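First the structure, in the form of structure tokens, and then the observations on it.
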Amino acid sequence: MAGLAQLEEQAVERLTLRLVEDAYYDLAAVVQAAKPQAAAALLAVMEQRVTDVLTLLCRTRSEGERSEVIALAVGERIAEIMDQAHGRPSHVRAA
1 MAGLAQLEEQ AVERLTLRLV EDAYYDLAAV VQAAKPQAAA ALLAVMEQRV
51 TDVLTLLCRT RSEGERSEVI ALAVGERIAE IMDQAHGRPS HVRAA
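Printed below as a string of structure tokens:
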């Protein structure tokens, strides 16, 4: 991000995550209310995409030596978001 200091870049990342998270919650609620079967299918596709991306990250070590640790942390965070959006009890323990 051109012209931003490190703290500003971190703020951009936090706010981006928050907005995407809120949009996912809203989308899930609308689809679940209108078409529960479509919501289940959409969730399955999204979960598979997350799994595929994180598996690739581990395999290629694209985030460096600690790619597996990073992938696990990302997976846990996304699982929390998806569980909450779809009304499932979260299976991830808070730190």
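So that you can map any letter, position 8 of the sequence shown is 8 in this note's numbering, and since no number is skipped, the others follow by simple counting. Ideal placement from N, C-alpha and C gives every residue a C-beta, glycine not left out. All values reported here derive from a predicted model rather than from experimental measurement.
Could you check how far apart the C-beta atoms of residue i and residue j are, in whole angstroms? I think they sit under 8 Å.
i	j	result
residue 57	residue 63	6 Å
residue 85	residue 25	5 Å
residue 31	residue 39	4 Å
Measure from the alpha carbon of residue i to the alpha carbon of each residue in the options, then state which is nearest.
i	options	result
residue 21	89, 88, 82 and 87	82
residue 28	61, 16, 13 and 44	44
Can you have a look at residue i and say buried or exposed, based on whether 16 or more other CB atoms are within 10 angstroms of its CB?
i	result
residue 65	exposed
Return the chain-ordered list of same chain residues with a C-beta closer than 7 Å to the C-beta of residue i, the five sequence neighbours on each side being excluded.
i	result
residue 87	none
residue 74	54
Grab me the residues of residue i's own chain with a C-beta within less than 8 Å of its C-beta, minus the 5 sequence neighbours each way, in chain order.
i	result
residue 89	83
Quick check: the segment 70-79 against the segment 35-55, are there 3 or more CB pairs under 8 Å? yes
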